[in-house]
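Heads up: the structure comes next, in structure tokens.
Numbering (my numbering), first residue to last: -9 to 441.
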């Protein structure tokens, strides 16, 4: 089994002498930005990171001129003009997010370390996925990587240990002033510190050497980075020992301990556009073989909050899924997990979770929707329960399904047995902010792991 290799890097960041207000140029990750949000971030500042991560499509775009080539041009020009600057020495970056949990209102603090991590195929057993990926987003990110020659956003990954050198480094860093300190639109405070001491960097790198990490957020970015590495390596005429030092072998990653008590996962609810039945009655009849069904009439969309609260309480001991068909809301409570014994198609050692029950048993099994149809727009996602109710009432979708959050322990079990959970099984909150630091893939700057 290979080891996990992390290394410091010379991060690219906004120049505070040219960009005084960093809040004006950062944005959420590209995959949570709506069309309206894209316009808003474009208008916020001429150097907003939106121009890199989610550029606008314009009339007349073709293979030679498009949002990807424009992103690459912006990135190069901003470097040339000093809008972006590169740190003079390789660093590890330490991150902290302070936030209020949107469900319980409690203040939280999540910490991570940001190195570049040597890319490792999943089968090597060092980096594990937990969600399925789709070809379209990977193609999108590959075109962007080709144009920019950079990691614009870190992959968010968790490691299942508490590493003393990492914890000690954080405690020492907290005594110094962060070089980035901002509060985003959602009230989340983001801070970043540099660690440039070679001795301390070596200690952290050695602590991670035998770790296995699982991707929390950024599966498409990680698999795109693997594909881009293979693409560049195949075209690189250098001898193997030189190719091994290229930066294209690495990807920027934020590593957070899965033991962090402030590692928060929120649920993402599902909306189905079509049904193979004229009403939900045949579906509920089939579901009744596995689930106890309890109706919860809704007089207005805001009442879904009470239903979700009830789901959370019941979900502490039972598998439970909420459903809304335009008339009533239902709680689907699994009768007995032994009823699922004959259902195949999952790896040995895998455990049932609410989201796998929903997709494998209900959506793909009883409703007969395959993965291809789901990728083609039959399913939509939202974290807003009231919005899900409203969209079904308006006729845009036939059914809404509500979920409790997937537990971090469930994610770890899935990764270790090789199970890919359905898309958007997890929403790690808060999302990592785009625009804090970039990793430039410079062919003239070899990477030297500190081991």
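From the three backbone atoms N, C-alpha and C, an ideal C-beta is built for every residue, glycine too.
Source: prediction; values computed, not measured.
Span separating the alpha-carbon of residue i from that of residue j
i	j	result
residue 133	residue 143	15 Å
residue 224	residue 235	15 Å
residue 205	residue 395	17 Å
residue 125	residue 167	42 Å
residue 152	residue 399	15 Å
residue 447	residue 377	Nothing can be reported for residue 447: it is not among the residues displayed for the chain, which extend from -9 to 441.
residue 358	residue 333	14 Å
residue 214	residue 78	28 Å
residue 195	residue 81	12 Å
residue 453	residue 145	With the chain covering only -9 through 441, there is no way to say anything about residue 453.
residue 98	residue 254	9 Å
residue 425	residue 120	26 Å
residue 135	residue 175	27 Å
residue 21	residue 52	23 Å
residue 50	residue 36	22 Å
residue 24	residue 387	19 Å
CB contact flag (residue i, residue j, <7 Å)
i	j	result
residue 373	residue 291	no
residue 117	residue 240	no
residue 203	residue 238	no
residue 226	residue 270	no
residue 201	residue -6	yes
residue 348	residue 418	no
residue 108	residue 440	no
residue 401	residue 341	no
residue 370	residue 261	yes
residue 106	residue 242	yes
residue 60	residue 45	yes
residue 18	residue 414	no
residue 325	residue 282	yes
residue 74	residue 2	yes
residue 114	residue 248	no
residue 122	residue 410	yes
residue 179	residue 88	yes
residue 100	residue 252	yes
residue 352	residue 319	no
residue 244	residue 104	yes
Strand pairing of residue i, partner residues [DSSP]
i	result
residue 444	In the structure as shown, the chain begins at -9 and stops at 441. Residue 444 is therefore absent and cannot be evaluated.
residue 183	84
residue 203	117
residue 418	255
residue 369	262
residue 240	108
residue 170	182
residue 284	321
residue 102	85
residue -4	107
residue 245	103, 147
residue 427	Its beta-bridge partners do not exist; DSSP assigns none.
residue 17	424
From the options, residue whose alpha carbon lies closest to that of residue i
i	options	result
residue 360	264, 282, 4, 205	264
residue 285	312, 266, 267, 268	312
residue 159	336, 86, 146	86
residue 12	182, 219, 139, 268	182
residue 164	250, 177, 21, 184	184
residue 298	278, 93, 196	93
residue 57	249, 15, 28	28
residue 128	272, 209, 375	209
residue 187	432, 423, -1	-1
residue 197	9, 410, -3, 22	-3
residue 272	362, 356, 41	356
residue 72	7, 84, 245	7
residue 432	23, 139, 161	139
residue 220	48, 111, 351	111
residue 330	344, 317, 321, 245	344
residue 171	84, 96, 231	84
residue 257	279, 104, 91, 307	91
Run of the beta strand (DSSP E) containing residue i, from where it starts to where it stops
i	result
residue 339	Note, residue 339: premise wrong, no beta strand (DSSP E); not H, not E.
residue 148	145 to 149
residue 387	Segment: none, residue 387 is in no beta strand (DSSP E) and carries neither H nor E.
residue 44	Looking at the DSSP string, residue 44 is not in any beta strand (DSSP E), and its letter there is neither H nor E.
residue 4	2 to 4
residue 406	That residue, residue 406, is in no beta strand (DSSP E); its alpha helix (DSSP H) goes 398 to 407.
residue 231	From DSSP, residue 231 is part of no beta strand (DSSP E) but of the alpha helix (DSSP H) over 230 to 233.
residue 74	74 to 76
For residue i, the first and last residue of its enclosing alpha helix (DSSP H)
i	result
residue 27	25 to 34
residue 297	294 to 304
residue 225	209 to 225
residue 156	154 to 163
residue 193	188 to 198
residue 271	271 to 277
residue 64	57 to 70
residue 96	Unbroken run through residue 96: none, as it is neither H nor E.
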